[in-house]
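Colleague:
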Amino acid sequence: MELLTTILLIVALFAILGSGVWVGLALSGVAWLGMELFSARPAGDAMAVTIWGAASSWTLTALPLFIWMGEILFRTKLSEDMFKGLAPWLERVPGRLLHTNVIGCAIFAAVSGSSAATCATIGKMTVPELTARGYPEDKIIGTLAGAGTLGLLIPPSIIMIVYGVMANVSIAKLFIAGVIPGILLASLFSGYIAIWALLNPNALPRATESYTFAQKLYASRHLLPVVLLIALVLGAVYSPWVTPTEAAAVGVIGALILSAVQGSLNRRTFADSLMGATRLYCMIVLILAGAQFLTISMGYLGLPRHLAEWIGSLGLSNFMLIMALMVFFVILGCFLDGISMVVLTMGVILPTIEKAGIDLIWFGIFIVLVVEMAQITPPVGFNLFVLQGMTKKQVPWIARAALPMFFLMVAAVTLVYFVPDLVTWLPQSMMR
Numbered sequence: 009m010e011l012l013t014t015i016l017l018i019v020a021l022f023a024i025l026g027s028g029v030w031v032g033l034a035l036s037g038v039a040w041l042g043m044e045l046f047s048a049r050p051a052g053d054a055m056a057v058t059i060w061g062a063a064s065s066w067t068l069t070a071l072p073l074f075i076w077m078g079e080i081l082f083r084t085k086l087s088e089d090m091f092k093g094l095a096p097w098l099e100r101v102p103g104r105l106l107h108t109n110v111i112g113c114a115i116f117a118a119v120s121g122s123s124a125a126t127c128a129t130i131g132k133m134t135v136p137e138l139t140a141r142g143y144p145e146d147k148i149i150g151t152l153a154g155a156g157t158l159g160l161l162i163p164p165s166i167i168m169i170v171y172g173v174m175a176n177v178s179i180a181k182l183f184i185a186g187v188i189p190g191i192l193l194a195s196l197f198s199g200y201i202a203i204w205a206l207l208n209p210n211a212l213p214r215a216t217e218s219y220t221f222a223q224k225l226y227a228s229r230h231l232l233p234v235v236l237l238i239a240l241v242l243g244a245v246y247s248p249w250v251t252p253t254e255a256a257a258v259g260v261i262g263a264l265i266l267s268a269v270q271g272s273l274n275r276r277t278f279a280d281s282l283m284g285a286t287r288l289y290c291m292i293v294l295i296l297a298g299a300q301f302l303t304i305s306m307g308y309l310g311l312p313r314h315l316a317e318w319i320g321s322l323g324l325s326n327f328m329l330i331m332a333l334m335v336f337f338v339i340l341g342c343f344l345d346g347i348s349m350v351v352l353t354m355g356v357i358l359p360t361i362e363k364a365g366i367d368l369i370w371f372g373i374f375i376v377l378v379v380e381m382a383q384i385t386p387p388v389g390f391n392l393f394v395l396q397g398m399t400k401k402q403v404p405w406i407a408r409a410a411l412p413m414f415f416l417m418v419a420a421v422t423l424v425y426f427v428p429d430l431v432t433w434l435p436q437s438m439m440r
């Protein structure tokens with residue numbers, strides 16, 4: 009009976025999603041259908057209570073503020089200044105200016121929290137510049153697609169906030185736990201670029217400029233504003249006296265000051281950033297509310313318990329369980345965006361994870377890594393869509409160019425599984 013119910017609800021979900029209904033409404037619709045048909049609990053009452061509770065969560069107040077901060081910075085001269093500050097240091101490194109994609113994305117990720125915003129902001133700067141200098145187009149776009157996903161892993165991260173709310177774990181600990189894996193993944197991307205450049209020396213244009221150490225230091229002044237903002241936000245996040253919500257407010261104020269100093273803050277950019285953040289936040293909250301109602305509905309139907317029991321009966325080791333979940337999320341990422349994946353599945357998967365004795369902070373970083381893979385997995389890869397709009401290339405072509413980045417993410421997942429201290433050591437040592 010439970011299997012039949014599950015199949016019917018999955019079919020209903022994909023049918024509603026396929027009809028073009030918003031994800032949040034589709035989740036609510038399937039939840040209501042499940043409760044009406046297979047449960048004695050009145051669906052209307054449960055829906056009202058659950059959706060109100062999800063939408064009024066105090067923890068979520070950090071989310072619109074971080075989104076707004078990213079929207080403000082998206083409209084500043086930050087990206088142009090970042091390129092000016094980084095380029096002189098990379099002229100003699102194998103792969104040279106291709107590294108600006110990775111470093112630029114890593115820096116912007118630390119003040120954005122959004123993969124799409126990171127990819128678009130850095131891409132607007134590096135794609136025209138690197139193309140004009142004669143760098144291979146597939147490497148420019150492929151490395152940008154992969155590096156753009158760092159917006160999810162390097163704190164502050166929107167998806168970490170969503171997971172923290174769903175799993176009821178410390179968002180500050182999640183932020184801290186993402187630092188080392190974020191640096192690890194960025195290092196893997198840069199290492200790949202360097203190795204590829206050494207193996208294909210004729211594929212890159214010749215170095216045309218030479219800088220003295222003094223000139224490099226002088227050019228680095230362009231990085232000071234963003235470095236100060238990163239230090240301000242992350243210092244606030246990791247402070248025992250400041251909540252993530254207050255840290256996000258600090259970030260918004262810092263971003264407004266930065267854009268004012270750069271001369272890009274006016275009534276138009278302020279209104280555009282506010283409306284952009286409002287639209288994105290409303291979409292996320294609608295998805296969260298629908299998923300919360302679906303989680304409640306699944307609980308009344310007993311599906312999470314039965315799924316956990318079924319997975320437990322398979323006798324999978326923790327490694328096989330994690331690998332199976334990685335494949336599951338990559339497949340799911342072909343059809344849903346990252347936030348929808350997290351909120352749709354956590355209610356079902358978390359009991360199994362807790363039963364297996366897997367640390368929920370570690371699992372949160374694992375989830376972020378596999379959601380990053382989904383960002384460059386067709387047909388529903390957000391970074392692929394962003395780059396398609398910027399470059400007019402077809403999604404399959406961009407996905408092929410980003411394939412090496414995908415395999416590096418698989419390597420990162422394997423590394424953090426076998427060396428879990430990469431995730432857990434920093435939050436344990438900083439928040440004792």
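Here my numbering is used: position 188 in the sequence shown is 196, and no number is missing along the way. Backbone N, C-alpha and C define an ideal beta-carbon position, used for all residues, glycine too.
#1: On the DSSP letters alone, give me the boundaries of the alpha helix (DSSP H) that residue 429 sits inside.
#2: From residue 174 to residue 355, what distance separates their C-alpha atoms?
#3: So, with DSSP's three-state summary, where would you put residue 129?
#4: For the stretch 131-151 and the stretch 222-239, state whether three or more C-beta atom pairs, one from each stretch, are separated by less than 8 Å.
#5: Quick check on this structure: which residue in 286, 110, 81, 82 has the alpha carbon closest to the alpha carbon of residue 94?
#6: Using only alpha-carbon positions, find the residue among 233, 283, 284, 277 that is nearest to residue 259.
#7: Write down the C-beta distance between residue 412 and residue 386 rounded to the nearest angstrom, noting that I regard them as a contact closer than 8 Å.
#8: Taking residue 261 as the reference, which of 81, 31, 59 has the closest Cα?
#9: Assuming residue 147 and residue 369 form a contact by the criterion Cβ under 8 Å, report the distance between their Cβ atoms to the nearest whole angstrom.
#10: Using only CA atoms, which one of 406, 268, 244 lies nearest to residue 163?
#11: Would you mind listing the alpha helix (DSSP H) stretches within the stretch 172-210 that are 4+ residues and don't spill past its ends, in chain order?
#12: Residue 324 CB to nearest chain D CB: under 8 Å?
#13: Which one of 308, 302, 90 has the shortest CA to CA distance from residue 134?
#14: For the stretch 96-108 and the stretch 296-310, state whether three or more C-beta atom pairs, one from each stretch, are separated by less than 8 Å.
#15: Does the Cβ of residue 402 have 16 or more other Cβ atoms within 10 Å, making it buried, or fewer, making it exposed?
#16: So does the stretch 149-169 actually touch the stretch 186-204, counting three or more Cβ pairs closer than 8 Å?
#17: Helix, strand or coil for residue 251 per DSSP?
#18: Buried or exposed for residue 77, going by 16 or more other Cβ atoms inside 10 Å?
#19: Using 8 Å as the threshold, is the C-beta distance between residue 380 and residue 161 below it?
#20: Mind listing, in chain order, the continuous alpha helix (DSSP H) runs of no fewer than 4 residues lying wholly within the stretch 288-376?
#21: Taking the straight line between their C-alpha atoms, what separation do you get for residue 441 and residue 51?
#22: How many Å lie between residue 291 and residue 348 at the Cα?
#23: Contact defined as beta carbons within less than 8 Å: I believe residue 432 pairs with residue 185. What is the distance between those atoms, to the nearest angstrom?
#24: Please check the pair residue 17 and residue 38, which I expect to be a contact at CB under 8 Å, by giving their CB distance rounded to whole angstroms.
#25: Please say whether residue 21 and residue 299 have beta carbons closer to each other than 8 Å?
#26: Within its chain, find whatever has a CB closer than 7 Å to the CB of residue 382; leave out the 5 residues flanking it on each side and keep chain order.
#27: Quick check: what's the CA-CA separation for residue 127 versus residue 116?
#28: Given that a residue counts as buried once 16 or more other Cβ atoms are within 10 Å of its Cβ, and exposed if not, what is residue 55?
#29: Could you say which of 335, 263, 28, 13 lies nearest to residue 43 if we only look at CA atoms?
#30: Would you report the Cα separation of residue 139 and residue 213, rounded to the nearest angstrom?
#31: My parser needs the alpha helix (DSSP H) runs of 4 or more residues fully inside the stretch 50-106; what are they?
#32: Assign residue 61 to one of two classes, buried (16 or more other C-beta atoms within 10 Å of its C-beta) or exposed (fewer than that).
#33: Tell me the residue span of the alpha helix (DSSP H) that contains residue 155.
#34: Roughly how many whole angstroms lie between the Cα atoms of residue 171 and residue 30?
#35: Grouping DSSP H, G and I as helix and E and B as strand, with all else coil, what is residue 28?
Modeller: Here's the rundown:
#1: In the sequence shown, the residue the question calls residue 429 occupies position 421. Residue 429 -> alpha helix (DSSP H) spans 429-438.
#2: As a working note, residue 174 is residue 166 in the sequence shown. As a working note, residue 355 is residue 347 in the sequence shown. Taking the CA atoms as reference points, residue 174 sits about 8 Å from residue 355.
#3: Stepping through the sequence shown from its first residue, residue 129 is reached at position 121. Three-state result, residue 129: helix.
#4: No: the two stretches stay apart, fewer than three of their Cβ pairs being nearer than 8 Å.
#5: If you number the sequence shown from 1, residue 94 lands on position 86. It is 110.
#6: As a working mapping, residue 259 is identified with position 251 in the sequence shown. With distances taken between Cα atoms, residue 259 lies closest to 233.
#7: One-based indexing of the sequence shown puts residue 412 at position 404. One-based indexing of the sequence shown puts residue 386 at position 378. 16 Å between Cβ atoms; not a contact.
#8: Counting from 1 along the sequence shown, the entry for residue 261 is found at position 253. If we check each option's Cα against that of residue 261, 81 comes out closest.
#9: As a working note, residue 147 is residue 139 in the sequence shown. As a working note, residue 369 is residue 361 in the sequence shown. Contact flag wrong, Cβ pair sits at about 35 Å.
#10: Within the sequence shown, numbered from 1, the residue matching residue 163 stands at position 155. Nearest C-alpha to residue 163: 244.
#11: 179-185, 187-207
#12: Absent from the structure: chain D. Only one protein chain is present.
#13: On the sequence shown, position 126 is the one that residue 134 refers to. Nearest option by C-alpha distance: 90.
#14: Taking a cut-off of 8 Å for Cβ pairs, the stretch 96-108 and the stretch 296-310 do not touch, as fewer than three such pairs fall below it.
#15: Taking the first residue of the sequence shown as 1, we reach residue 402 at position 394. Exposed: under 16 other Cβ atoms inside 10 Å.
#16: yes
#17: As a working mapping, residue 251 is identified with position 243 in the sequence shown. If DSSP states are grouped into helix, strand and coil, residue 251 belongs with coil.
#18: Taking the first residue of the sequence shown as position 1, residue 77 is located at position 69. Label assigned to residue 77: buried.
#19: Within the sequence shown, numbered from 1, the residue matching residue 380 stands at position 372. Within the sequence shown, numbered from 1, the residue matching residue 161 stands at position 153. Contact: yes.
#20: 311-321, 326-340, 346-363
#21: With the chain covering 9 to 440 only, the question about residue 441 has no answer from this structure.
#22: Taking the first residue of the sequence shown as position 1, residue 291 is located at position 283. Taking the first residue of the sequence shown as position 1, residue 348 is located at position 340. Annotation: residue 291 to residue 348 spans about 10 Å, alpha carbon to alpha carbon.
#23: Within the sequence shown, residue 432 is the residue found at index 424, counting from 1. Within the sequence shown, residue 185 is the residue found at index 177, counting from 1. With 8 Å as the limit, residue 432 and residue 185 qualify as a contact, their Cβ atoms being about 7 Å apart.
#24: Position 9 of the sequence shown, counted from the start, is the residue given in the question as residue 17. Position 30 of the sequence shown, counted from the start, is the residue given in the question as residue 38. Contact holds; Cβ gap of about 6 Å.
#25: Counting from 1 along the sequence shown, the entry for residue 299 is found at position 291. Counting from 1 along the sequence shown, the entry for residue 21 is found at position 13. Against a cut-off of 8 Å, the Cβ pair of residue 21 and residue 299 comes out as no contact.
#26: Here residue 382 refers to the residue found at position 374 when the sequence shown is read from its first residue. Contacts found: 337, 338, 341, 346, 349, 389.
#27: For the purposes of this step, residue 127 is taken as the residue at position 119 of the sequence shown. For the purposes of this step, residue 116 is taken as the residue at position 108 of the sequence shown. A straight line joining the alpha-carbon of residue 127 with that of residue 116 spans about 9 Å.
#28: The residue given as residue 55 occupies position 47 in the sequence shown. Per the 10 Å Cβ criterion, buried.
#29: Position 35 of the sequence shown, counted from the start, is the residue given in the question as residue 43. Residue 43 has its Cα closest to that of 13, out of 335, 263, 28, 13.
#30: Taking the first residue of the sequence shown as 1, we reach residue 139 at position 131. Taking the first residue of the sequence shown as 1, we reach residue 213 at position 205. Near 11 Å, if we compare the C-alpha coordinates of residue 213 and residue 139.
#31: 51-63, 70-82, 86-98
#32: Within the sequence shown, the letter at position 53 stands for residue 61. Label assigned to residue 61: exposed.
#33: On the sequence shown, residue 155 is found 147 positions in, with the first residue counted as 1. Residues 145-156.
#34: Locating residue 171 in the sequence shown gives position 163, where the first residue counts as 1. Locating residue 30 in the sequence shown gives position 22, where the first residue counts as 1. Rounded to the nearest whole angstrom, the CA to CA distance from residue 171 to residue 30 is 21 Å.
#35: Mapped onto the sequence shown, residue 28 falls at position 20. If DSSP states are grouped into helix, strand and coil, residue 28 belongs with coil.
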